[in-house]
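Before any comments, here is the structure.
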Amino acid sequence: MMSWRRFDLPNDREDIGRFLPWLVAFMVYLSIVALAGLLALERMTARWDHGVVGTLTVHMAPAATAEQNARRLKDATDVLTATPGVARAEPVPAARVAELLEPWLGPSVRDADLPLPLLIDVELRDEPEVDLGQLGRSLDAVVPGTAVDDHRSWLRRLVSLARAVEALAAAMLGLVALVTVVAVVFATRAGLAVNRDVIEVLHLIGAHDAYIASQFAARAFKTAFKGGLLGFLLAAPTLFAIGFFAARIEEGLLPRIEFGPVHWGMFAAVPLLAAMAALVSARTTVLRTLGRMV
Amino acid sequence: MAVQDDSGGAVVRFENVGLRYGLGPEVLRDISFSLMPGSFHFLTGPSGAGKSTLLKLMYLALRPTRGLISLFGNDTSRAPRSELPQMRRRIGVVFQEFRLLDHLTAYDNVALPLRIGGVREDQVKKHVMELLAWVGLKDHMDARPPTMSGGQQQRVAIARAVIAGPELLLADEPAGNVDDRMAVRLLRLFEELHRLGRTIVIATHNEALVRRLGHPRMCIEDGRLEIRPGLADPAAGAPSVRLAFPGDSEEFA
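Quick mapping for you: the protein sequence lines, in order, are chains Z and P.
Under my numbering, the first sequence is numbered contiguously, ending at residue 324.
Under my numbering, the second sequence is numbered contiguously, ending at residue 628.
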């Protein structure tokens, strides 16, 4: 019969089991922070993927008169809207272009009669994929001096970088889980060695290996859960602090790091998962070790 | 599945059993005997003759280097490891050095075999309290073994050995640390178990005790065993108590 409340084994006062809650606390802390990073990155790349990757900008040199400029914009826009895969092509008004250049050229750019470049904002569909080289040549034939500025090439690199960081965070989670399991296995083995006499008496009284394993498993669960809870309690203020400091960085560079109830549910599940992993590792270790005994 | 043998109903049967530790000389040689259900034997012999070793073979703490041991009709050498606990639950052992769990209270030590056997906690409490009262330790149920005297520890060990009503009771010097009055009282407990049909083997140096109860004795000397009939009238040590165990219908009188 398995008992979760009563332990027949002495408390781990001297062996390495004593350090297990602290180790699990640290591991759970790392896991939650890594998981939070993973979720934030996930959201960021999703935004980039859908919001920015499907756009490009066409720009061309300005002509001498406003009429010529309007003509150029219309010609180029006609070519673009006729291209399969283009969802929308809209010339950027001169006032908006001036506004965009203001940070670099100063407020006088609005009033000065400068030859500002002509821009067309283009939104692409996922399918069919637009051949940008071909598009650039077609535009150049109609309006010489046209260039296609593809956000996709550098955004793709950024997204793939973010994906790599995500993979790294996921690998870190895996590694942390592995280290926790290994620590539990070693603590359990040490516990088996230290409590050899007690285990022999339990055996001689008629205890099955499963009874002894359940004792170790229940204790490992309790120990890991305690440590995990501590890790969670330490991780929560860390996440709030990261969110607070990220919000102070210029808006737009980073998305707001805010976690909803689902995310907090995931974070709260980490100590529980750690405790379950400890339970299974301890039980397996005891059963395997005792199974090898005569 | 347990391997049945032709032990002729014996609770314990040894056939040409020999045991050596490592490459040393044989500690036990050509041991052959059968203990029938309900028998009571003393195990005597000089120190170092192999009494404890013989008991260890009987409670499955050691495996023989040769020969055959069968318990309750099962060949122990062919029984898989997973079947040993069931066999051990039918055996109660009073270890020479008690082997109580120091971190548990007297109550929890005595309760251990019942809890391992999955007995309900209210039943555990009932039987443990009764038995602790019987061995005179009701007031010490919350004490831990290190704080108890040798005699008190011994009584806890005996209570733990008999609590689950084992079919075979093996005791290694169970009266070694108590005064004569308590020794007689404890022996009455064994007699009561015997009366309930249990098979008893008690290793002891106490000649007076052996003579008083007059049961046959297994004499072990130089690693060899000889069974001698009892001398006195066993009725002299007749018990005056009635014990009940989980599974028995009888209750305390």
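Think of the CB as a built atom: it goes at the ideal place given N, C-alpha and C, for glycine as much as any other residue.
The model shown is predicted, which means the values in this text are computed figures rather than measured ones.
Item: Nearest to A55 of chain Z (by Cα), restricted to the options Z:L264, Z:F289 and Z:L188; Value: Z:L264
Item: Top-ranked residue by Cα proximity to V116 of chain Z, from Z:T107, Z:V122, Z:P123 and Z:A124; Value: Z:T107
Item: Three-state secondary structure (DSSP) of R155 of chain Z; Value: coil
Item: R464 of chain P vs G236 of chain Z beta-carbon contact at 8 Å; Value: yes
Item: Residue range of the beta strand (DSSP E) that includes P121 of chain Z; Value: V116 to P121
Item: Short CB-CB distance (under 8 Å) between E390 of chain P and chain Z; Value: no
Item: N-terminal and C-terminal residue of the alpha helix (DSSP H) that G295 of chain Z is part of; Value: P291 to R322
Item: Those residues which DSSP pairs with E472 of chain P across a bridge; Value: The partner list for E472 of chain P (beta bridge, DSSP) is empty, contrary to what the question assumes.
Item: G204 of chain Z versus Z:A64, Z:T253, Z:F49 and Z:A100, residue with shortest Cα-Cα distance; Value: Z:A64
Item: C-beta neighbour in chain P for R318 of chain Z, strict 8 Å; Value: no
Item: Within 9 Å of chain P by C-beta, residues of the region 224-240 of chain Z in sequence order; Value: D227, V228, E230, V231, L232, H233, L234, I235, G236, A237, H238 and D239
Item: Distance, V178 of chain Z Cα to S190 of chain Z Cα; Value: 22 Å
Item: V553 of chain P (DSSP reduced to helix, strand or coil); Value: coil
Item: Check whether L475 of chain P and P520 of chain P have beta carbons under 8 Å apart; Value: yes
Item: Cβ shell of H416 of chain P (< 8 Å), same chain only, five flanking positions each side left out; Value: L410, I575, V576, I577, H590, P591, R592, M593 and I602
Item: Cβ of P40 of chain Z within 8 Å of any chain P Cβ; Value: yes
Item: Under 7 Å from the C-beta of Y482 of chain P: neighbouring residues of chain Z; Value: Residues of chain Z passing the Cβ test: none, with the nearest at roughly 12 Å.
Item: Where the alpha helix (DSSP H) through S244 of chain Z begins and ends; Value: D239 to R278
Item: Rounded C-alpha distance that separates G299 of chain Z from E288 of chain Z; Value: A small correction: the amino acid at residue 299 of chain Z is Ala; Gly does not occupy that position in the sequence shown. Looking at the two C-alpha atoms, the distance is approximately 18 Å.
Item: 9 Å Cβ cut-off: residues of chain Z touching V468 of chain P; Value: L234 and I235
Item: Residues that DSSP places opposite M90 of chain Z in a beta bridge; Value: Z:L148 and Z:T176
Item: Every unbroken alpha helix (DSSP H) inside the region 539-591 of chain P [4 residues or more]; Value: 555-570 and 582-588
Item: Short CB-CB distance (under 8 Å) between P521 of chain P and chain Z; Value: no
Item: Residues near V392 of chain P in its chain [Cβ-Cβ closer than 8 Å; skip 5 each side]; Value: L403, D405, I406, S407, L432, P439, R441, G442, L443 and I444
Item: Interface residues of chain A facing A436 of chain P [CB-CB closer than 8 Å]; Value: Protein chains Z and P are contained in the structure displayed, whereas chain A is not.
Item: Spatial neighbours of T419 of chain P in its chain, beta-carbon cut-off 6 Å, leaving aside the 5 residues before and after; Value: R592 and C594
Item: Reference S414 of chain P; option with closest CA among P:H515, P:L544 and P:T428; Value: P:L544
Item: Residue burial classification, L39 of chain Z (beta-carbon count within 10 angstroms, cutoff 16); Value: buried
Item: Exposure of M323 of chain Z, with buried meaning 16 or more beta-carbon neighbours within 10 Å; Value: exposed
Item: CB contact check: W34 of chain Z to chain P, cutoff 8 Å; Value: Unreliable placement is indicated for W34 of chain Z, whose pLDDT of 45 sits below 50; the coordinate value is still reported in the next sentence. Answer no: the Cβ-Cβ gap between W34 of chain Z and chain P never drops below 8 Å.
Item: Residue from P:I466, P:S457 and P:Y434 whose Cα sits closest to the Cα of A539 of chain P; Value: P:I466
Item: Residue burial classification, L564 of chain P (beta-carbon count within 10 angstroms, cutoff 16); Value: buried
Item: Validate contact between the region 294-309 of chain Z and the region 209-219 of chain Z using beta carbons, cut 8 Å, 3 pairs; Value: yes
Item: Minimum C-alpha distance to G383 of chain P - residue among P:A424, P:L398, P:N449 and P:L435; Value: P:N449
Item: Sequence-distant residues of the same chain with beta carbon closer than 6 Å to N225 of chain Z, five excluded per side; Value: L39
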